[in-house]
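Report on the following structure.
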Amino acid sequence: MITLNLTPEIVNNINRKFVLDLFVWQQRWKANQYHRNRFLHKCRQIGADHYFVLEALSDSCRTGRNKFFLSNKEFLPFFVHYLAQYFPSQQAYLTENAEDIHGVRLSNGAEIRVLHENSCPVSLYGDVYVSEWAYSDDPIQLIRLALGLSNHQKWRRTFYSSRDSGDNGAAAYKAFFTLNRVKGEPAFFDTVTLFDDVESRLDEERIRNMWSPQAFEELFLCRLPHARW
Numbered sequence: 010m011i012t013l014n015l016t017p018e019i020v021n022n023i024n025r026k027f028v029l030d031l032f033v034w035q036q037r038w039k040a041n042q043y044h045r046n047r048f049l050h051k052c053r054q055i056g057a058d059h060y061f062v063l064e065a066l067s068d069s070c071r072t073g074r075n076k077f078f079l080s081n082k083e084f085l086p087f088f089v090h091y092l093a094q095y096f097p098s099q100q101a102y103l104t105e106n107a108e109d110i111h112g113v114r115l116s117n118g119a120e121i122r123v124l125h126e127n128s129c130p131v132s133l134y135g136d137v138y139v140s141e142w143a144y145s146d147d148p149i150q151l152i153r154l155a156l157g158l159s160n161h162q163k164w165r166r167t168f169y170s171s172r173d174s175g176d177n178g179a180a181a182y183k184a185f186f187t188l189n190r191v192k193g194e195p196a197f198f199d200t201v202t203l204f205d206d207v208e209s210r211l212d213e214e215r216i217r218n219m220w221s222p223q224a225f226e227e228l229f230l231c232r233l234p235h236a237r238w
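Right, dumping it as structure tokens:
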């Protein structure tokens, strides 16, 4: 496993970005980062993965806690790319080998790993981030893996995803997230829609024209199920 060196410059840059470079909803997530459970219903393209890699790095630099990012196998290299941008001297190696990198170790001992639903981690534990769980090939297996990695009360779990009527998430929601709780435990719940983008980073008119009315309301306004359908 490759070791990433935490120099004072790198740590300062991570901390600066975690203070200054956040959207309003990311600031809200940051303010609630120490909840044992977070369950987030988000619209598409709002920078969730980018933010949570930054959050994980900031916390691991300070505490040495292990972090796990779980998603579909084809999405895992993106987490490595997001991670790489904070380590300029090692960035080229990380990005060129992203598909083959399944974890890194920070020089303070913390490990950051990327896993999919068919991964078989042994004797691993830490905080988990489960990205786009509703679009996993096997959401139930992915969530079970996440819960196993974070079984002890000291570890934190964050589940975040867009939703639409054609996703794979209905059975998993019923099994794990009823009433927006996590396996019956209280959770910080948040919904982020296109209308939260007060900086108008996303072009609403263009996005509306790209999707059917139903898909737009489900994917970008987080209305699922919608009363009209």
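Using my numbering, the letters of the sequence shown correspond one by one to residues 10 to 238.
In this text, a Cβ means the ideal position worked out from N, Cα and C, and glycines have one as well.
With DSSP collapsed to three states, give me the class of residue i.
i	result
W238	Since pLDDT at W238 reaches only 38, below the 50 mark, its modelled position is unreliable, and the value read off the structure follows with that caveat. Three-state DSSP puts W238 in coil, outside helix and strand.
D191	First, the amino acid is wrong: residue 191 is Val here, not Asp. It is a strand residue.
F32	coil
T12	strand
G157	helix
P130	coil
F186	coil
S221	coil
L230	coil
D205	helix
N41	coil
N106	coil
L211	coil
N177	coil
I19	helix
K26	helix
Q162	coil
Q54	coil
S145	coil
Let me check one thing: in DSSP terms, what residues is residue i bridge-paired to?
i	result
V140	What sits at residue 140 in the sequence shown is Ser, not Val. DSSP lists Y169 as partners of S140.
V124	Here residue 124 is Leu; the residue named in the question, Val, does not match the sequence. According to DSSP, L124 bridges with L79.
V113	I11, I121
F197	R47
Look at residue i and residue j and say whether their C-beta atoms are less than 8 Å apart.
i	j	result
L158	L133	yes
F197	R47	yes
L156	H125	no
F229	E141	no
E194	R45	yes
V113	L13	yes
V123	V89	yes
S171	C52	yes
N127	G73	no
F96	D58	no
A65	K76	yes
V131	R166	no
S69	F27	no
Y60	Q35	yes
L29	K39	no
Which stretch, first to last residue, makes up the alpha helix (DSSP H) that contains residue i?
i	result
L85	85-93
V62	57-72
Confirm the yes/no value for this check: CB of residue i, any heavy atom of the ligand FAD, distance under 7 Å.
i	result
Q42	You won't find the ligand FAD in this model; it holds no ligand whatsoever.
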